[in-house]
Structures are given as structure tokens and as C-alpha cells.
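Residue 25 in the UniProt record's numbering sits at position 25 of the sequence shown, with consecutive numbering throughout. All C-beta atoms in this analysis are idealised placements derived from N, C-alpha and C, irrespective of residue type, glycine included.
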Amino acid sequence: MSTLPARPLPQPTTETAAYWAAAQEQRLVIQRCSSCGHCQFYPRAFCLSCLSDRLGWINASGQGRLYTYTVCRIAPSPAFESRLPYVVALIDLDEGVRLLANILDADLERIAIGARVGVCFESVSESCTLPQFTLLD
């Protein structure tokens, strides 16, 4: 009997550790600059707007719109074969940042650019929870 290879997991860095810790608590967070108020994603060591290093974390609403997506019908590795077909999407959060995630548990015929989505959380290991999205409409 063969065993599927393990699914690749994110490797937290200094800049992303707080993001992954919040996801483990089923919270979606983004960075906000204390100097200029700019919100950003993905996590970085400085503000993209004013270059300040005075960044904090805020809870995101977890809602947004589907900017674009693709349906993956061929697995990039055997670890993903059981998930086929799956949707990889760019999500524009209501806070003004864009992130990459999967759309889970959706009828592929209902997925459309501009659709409202909400965050959900997928536990993939004891130490890793991934922010994912579902259709709201």
C-alpha cells in the first residue's frame, strides 16, 4: 500500500510568524502601518507606502471579492491529487489588500469574478492552519 507524500506547508519567517499564529487561532490578520495607516499583504518588514518599519497587525473582516481564479484539474504533485479539481484565487479583501488562497466547497459553476467570498480556515496539520475562502453569494 503506497502512502501519499505530505502536503507542502508554509514555513513561517520573522515577517510572517504573526500571520501564521493568528491563522492557527482562526483569525485573518493583515499589516497596518502606524505611521501612515497603509494596509498591506503579504507581510513585510517595512511599509510599502512610506517605508516605515512601524507595522502592526489588525484583524481583517475576512470578506472580499474574487478578483480572478483558476481551476486546477492536474495536480502539481501527488499530494494534491485527492483535492482535484480545486480553485486557486486572488481575493481582494474589503480592507484593500489582495491575497492568494483556495476557494473551498464551491460548485465550480457558481464561481465567478466579482463574487463575494468569506474566510474559512483549513487545518492541515497540528501546527498549520490555512486561511481559505468560500462563496458568500
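1. Please state whether DSSP places Arg-83 in a helix, a strand or coil.
2. Give the straight-line distance between the Cα atoms of Gly-64 and Asp-107, rounded to the nearest whole angstrom.
3. Quick one: complete beta strand (DSSP E) runs, 3+ long, within the stretch 86-127?
4. Under 7 Å between the Cβ atoms of Phe-133 and Ala-101?
5. For Gln-31 and Pro-85, what's the separation of their Cα atoms in angstroms?
In terms of the structure at hand:
1. helix
2. 18 Å
3. 86-93, 98-103 and 116-125
4. yes
5. 32 Å
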